[in-house]
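In my numbering, the protein residues as written are 13 to 553. We put the beta carbon where it would ideally sit given N, CA and C, even for glycine. Taking it in order: structure first as structure tokens, then the write-up.
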């Protein structure tokens with residue numbers, strides 16, 4: 013099979029146009045083309061008056077060798093890559109005293125558990141929160157009634173933080189083994205729409221993620237895996253040998269139970285702050301990591317569609333428009349858009365009482381009125397929170413607490429119109445843009461809950477963004493604060509074998525450990541770590 017890339021066709025083209033384009037591109041007769049399938053679909057919107065659909069097509073030909081020879085110097089005609097996933101080990105029929113343990117049932121833990129189960133290792137998956145449907149009820153409790161459950165919310169519970177998001181399934185990670193394809197394929201098996209395998213920027217949305225997470229749990233259990241919900245790990249049993257070598261031996265749970273374990277995947281997500289502190293106190297090597305802080309900004313989706321697609325806005329081939337923005341400021345900071353959610357809403361995402369955190373979420377249809385995105389400012393340990401590996405957590409908590417107070421101390425988010433923010437005055441009433449955040453937005457001055465360097469940088473960046481996207485800095489656009497959970501503020505150091513550099517048997521993984529950023533990259537990291545666990549078990553006999 014061969015892959016043809018950069019096949020371009022106009023919006024609204026008939027399905028048969030793909031076949032005609034392939035025949036013309038290769039200069040072959042119709043009977044020489046046995047079959048074709050879309051490998052990737054994107055759009056080229058650089059010319060808004062003539063937006064094109066861009067395809068990569070896998071073709072089966074009567075004489076592929078001749079075509080490869082004919083197009084030997086053409087980078088857009090190549091052999092279709094082999095994306096099949098092959099397990100690194102097979103433990104079916106092998107009995108072991110201790111089963112591998114996965115802490116956390118977010119995207120990373122989900123795929124670590126799945127791969128371990130598919131290899132026959134029957135993992136135990138510990139999740140501090142509830143099953144996804146019970147967790148969804150608790151999350152709506154915060155959004156509708158301002159009632160926070162610290163153990164069951166946007167951050168904690170089956171599915172992880174990615175469940176209440178736009179469900180983006182793309183990443184810029186290097187992936188020579190096509191592990192991302194394995195992630196997408198398993199999602200489709202679990203009920204995701206098949207087009208996520210071909211769209212250049214696939215997404216799923218919250219409601220579909222819920223049913224997929226349940227389906228994957230059933231698969232893991234059918235393969236011998238075991239879930240234990242509402243089980244928070246409170247301490248780590250680490251044995252130190254006379255030569256100083258450290259080895260994980262078990263886990264203490266908040267229920268008082270002890271679980272013997274010597275191969276543990278730590279996939280707790282970026283908000284497991286108590287776990288990070290416990291690991292640090294037990295001597296596990298942790299370092300501070302850069303992250304970002306800022307706000308969520310909302311515009312009518314129609315404004316973004318018009319800015320990105322011009323007269324083609326609203327065409328069914330295009331869907332809701334997205335954007336990606338970045339600006340390097342005079343104060344040395346960089347402001348950028350983060351986790352842009354077309355046709356979505358801003359959601360309450362705190363996991364701790366007395367704090368306000370914002371995030372973005374979309375459904376698969378992306379048909380809600382507003383577009384939203386994080387507008388965040390990069391910060392780093394040396395400059396902004398030096399002196400302690402966990403200082404970034406303290407910094408997050410500081411601004412989240414101030415946001416809680418600025419919003420009225422009732423889990424409403426502090427908000428401000430862009431025009432007032434630029435003029436450095438509090439907002440008192442909404443204009444053309446109404447916010448989507450629930451349980452509500454309290455208009456105020458966001459300078460109360462953001463560091464000065466962040467407000468200065470965002471104030472400089474917004475007009476620059478307005479020059480790229482008309483109306484981006486419209487006076488009535490609404491910003492809500494604060495966005496602090498862009499990524500983990502720590503990294504749990506690990507070696508080439510994916511184990512903690514100073515604690516054997518502990519395998520830090522995913523976004524919480526500082527090795528991923530988003531659903532796809534977290535899933536890929538979960539696969540890699542599960543493979544490392546299997547290889548370690550093989551090496552130990």
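Apart from the five residues on each side of it in sequence, which residues of its chain come closer than 8 Å, Cβ to Cβ, to residue 78?
Non-local beta-carbon contacts of residue 78 in its own chain, meaning distances under 8 Å to residues more than five positions away in sequence, are absent.
Leaving out five residues on either side along the sequence, give the residues of the same chain with a beta carbon under 6 Å from the beta carbon of residue 190.
95
With distances taken Cα to Cα, identify the nearest neighbour of residue 5 among 26, 27 and 45.
There is simply no residue 5 to check, as the chain begins at 13 and stops at 553 in what is shown.
With 16 other Cβ atoms within 10 Å as the buried cut-off, status of residue 274:
buried
From the DSSP secondary-structure annotation, give me the bridge partner or partners of residue 353.
384
On the criterion of 16 or more Cβ atoms from any shown chain inside 10 Å, does residue 55 qualify as buried, or is it exposed?
buried
Got a sec? Which residues, its chain only, sit under 6 Å from residue 285 by beta carbon, not counting five neighbours each side?
405
Can you tell me whether DSSP reads residue 338 as helix, strand or coil?
strand
Let me know the secondary structure DSSP gives residue 42 once reduced to three states.
Looking at residue 42 - three-state DSSP - the assignment turns out to be helix.
Look up residue 478 in the DSSP assignment and say whether it is helix, strand or coil.
helix
Quick one: which unbroken beta strand (DSSP E) runs of 3-plus residues sit fully inside the region 436-469? Chain order, please.
453-455
For residue 280, count neighbouring C-beta atoms within 10 Å of its own C-beta (all shown protein chains included) and say buried if the count is 16 or more, exposed if not.
Buried, by the Cβ-count rule.
For residue 406, report the span of its alpha helix (DSSP H) as first-last.
Counting along the chain, the alpha helix (DSSP H) containing residue 406 begins and ends at 403-418.
Is residue 17 helix, strand or coil by DSSP?
strand
Residue 495, DSSP secondary structure in three states
strand
Could you check the C-alpha separation between residue 357 and residue 313 for me, to the nearest Å?
The straight-line gap separating the alpha-carbon atoms of residue 357 and residue 313 is approximately 11 Å.
Which residue's Cα is closest to the Cα of residue 310: 381, 266, 320 and 368?
381
Strictly by DSSP, which residues pair up with residue 180?
215
Is there contact between the region 343-359 and the region 134-142, where contact requires at least three CB pairs shorter than 8 Å?
no
So residue 195 and residue 535 are supposed to be a Cβ contact under 8 Å. How far apart are they, rounded?
The pair is a contact, with the Cβ atoms about 4 Å apart (cut-off 8 Å).
Cβ neighbours of residue 3 in the same chain (closer than 6 Å, five flanking residues each side left out)
The chain is shown from 13 up to 553; residue 3 falls before or after that span and cannot be answered.
If you drop the 5 nearest sequence neighbours on each side, which residues of the same chain put their C-beta closer than 6 Å to that of residue 72?
13, 46 and 47
Tell me whether the beta-carbon of residue 278 lies closer than 8 Å to the beta-carbon of residue 520.
yes
Check whether the Cβ atoms of residue 469 and residue 389 sit closer than 8 Å, and answer yes or no.
yes
Express the C-alpha separation of residue 282 and residue 301 in angstroms, rounding to a whole number.
Distance from the CA atom of residue 301 to the CA atom of residue 282, rounded to whole angstroms, is 12 Å.
Indicate whether residue 454 and residue 487 have their beta-carbon atoms separated by less than 8 Å.
no
Going by CA-CA distance only, name the one from 538, 513, 41 and 186 that's closest to residue 257.
Among 538, 513, 41 and 186, the Cα nearest to that of residue 257 belongs to 513.
Hey, would you say residue 531 sits closer than 8 Å to residue 192, going by beta carbons?
no
What residue ranges within the region 55-92 form continuous alpha helix (DSSP H) runs of no fewer than 4 residues, ordered along the chain?
76-82
Would DSSP call residue 322 helix, strand or coil?
Looking at residue 322 - three-state DSSP - the assignment turns out to be helix.
Have a look at residue 461 and residue 306 and give me their C-alpha separation to the nearest angstrom.
10 Å
With which residues is residue 508 paired in a DSSP beta bridge?
For residue 508, which the question treats as bridged, DSSP gives no partner whatsoever.
Cβ pair residue 162, residue 545 closer than 8 Å
Annotated as distal: residue 162 and residue 545, with beta-carbon spacing of 8 Å or more.
Any beta strand (DSSP E) of 3 or more consecutive residues that is wholly inside the region 501-549:
502-504 and 518-520
Residue(s) in a DSSP beta bridge with residue 22:
64
Skipping 5 residues on each side, what residues in its chain have a beta carbon closer than 8 Å to that of residue 64?
20, 21, 22, 23, 55 and 56
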